[in-house]
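Residue numbers (the working numbering): 22 to 268.
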Amino acid sequence: MPWRDVLPVYAPWQTLYRWFRRWTWTEVLAALQAVGDAAGNFEWTVSVDSTVSRAHQHAAGARRDGHVQREPPGGVQDEPADHGLGRSRGGFTTKTHLACERGRKTLAVVVTAGQRGDSPQFVAVLERITVRRAGGGRSRTLPDLVLADKAYTSKGNRGYARRRGIRVCIPSKAHQDAHRKAKGVQRRTAARLRPDRLPAAARRGVRHQPTQTTPRHGHPLRLAVRFEATVVIAAISQWLRALRNSG
Numbered sequence: 022m023p024w025r026d027v028l029p030v031y032a033p034w035q036t037l038y039r040w041f042r043r044w045t046w047t048e049v050l051a052a053l054q055a056v057g058d059a060a061g062n063f064e065w066t067v068s069v070d071s072t073v074s075r076a077h078q079h080a081a082g083a084r085r086d087g088h089v090q091r092e093p094p095g096g097v098q099d100e101p102a103d104h105g106l107g108r109s110r111g112g113f114t115t116k117t118h119l120a121c122e123r124g125r126k127t128l129a130v131v132v133t134a135g136q137r138g139d140s141p142q143f144v145a146v147l148e149r150i151t152v153r154r155a156g157g158g159r160s161r162t163l164p165d166l167v168l169a170d171k172a173y174t175s176k177g178n179r180g181y182a183r184r185r186g187i188r189v190c191i192p193s194k195a196h197q198d199a200h201r202k203a204k205g206v207q208r209r210t211a212a213r214l215r216p217d218r219l220p221a222a223a224r225r226g227v228r229h230q231p232t233q234t235t236p237r238h239g240h241p242l243r244l245a246v247r248f249e250a251t252v253v254i255a256a257i258s259q260w261l262r263a264l265r266n267s268g
């Protein structure tokens, strides 16, 4: 929908566009997360997963050098050189990496090109988790438990979680188990949970969380920071519904 078609009951379209570009919505999302945490409306069991979105054909054409564009990207995030657009057999794609709490409400978002792997973004998306304390003090950044599928299994990811004292539940790949068994290496299980012993709801959360947050149709946005803003707005709606229903 064009900006000029926004209903005047919200605000002048120029004001809405300025808020959109200045990354105002991240502050709104952070405030809602703080309210939810203070009210005890979510558990610190975090799922990490990703989903691929087909980009609109009009998303093509942004300059490689974002700082010399006629209209700068805006926002507080740096614009990646590839603008979060990757080429695949079906055209332009963007991948959205999410960290969500157990009720599938979004805690953090990372946007990359569609062909980027999941595992390298595990640390990046967890590093973006910052939930403010309603009464002041340091924001909370550490989950109690992180759930992810086998795409995220790696020594680097497990080592990161171990250094930060985060319990993880990530199934290993079959060929890794076979290689480990052939070498006679015992797997460490002290800080690890077995995925098959998780409640079914927790396992479904890993698989289905991205579909509730990411835009469901192509957006003609040439800049990753602005596409990410649309994801943040969807997350705000998600949090508002959850807080309203819990109240």
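We put the beta carbon where it would ideally sit given N, CA and C, even for glycine.
Per DSSP, cross-strand counterpart(s) of residue i
i, result
"L119", "D70, V130"
"T114", "R75, G107"
Burial state of residue i, where buried means 16 or more other Cβ atoms lie within 10 Å
i, result
"R125", "buried"
"G96", "Because the pLDDT of G96 is 45, which lies under 50, any placement of that residue in the model is unreliable, and the question is left without a value."
"S160", "exposed"
"S258", "exposed"
"A250", "buried"
"R179", "buried"
"Y31", "exposed"
"T36", "exposed"
"L261", "exposed"
"L106", "buried"
"A129", "buried"
"W24", "exposed"
"L28", "exposed"
"T151", "exposed"
"E122", "buried"
Assumed close pair residue i, residue j - CB separation to whole angstroms, cut-off 8 angstroms
i, j, result
"D291", "W65", "Because residue 291 is not part of the residues shown, which for the chain are 22 to 268, the question remains open."
"S68", "H118", "Incorrect: roughly 12 angstroms between the Cβ atoms, too far for contact."
"Y181", "S140", "Not really, about 11 angstroms apart at Cβ, beyond 8 angstroms."
"L163", "G186", "7 angstroms"
"T115", "A134", "7 angstroms"
"L53", "L264", "7 angstroms"
CB contact below 8 angstroms: residue i versus chain C
i, result
"V69", "The chain labelled as chain C is not found in the depicted structure, where only one protein chain is given."
Legend entry - Contained alpha helix (DSSP H) runs [length at least 4] in the region 151–191, N- to C-terminal order: 176–185
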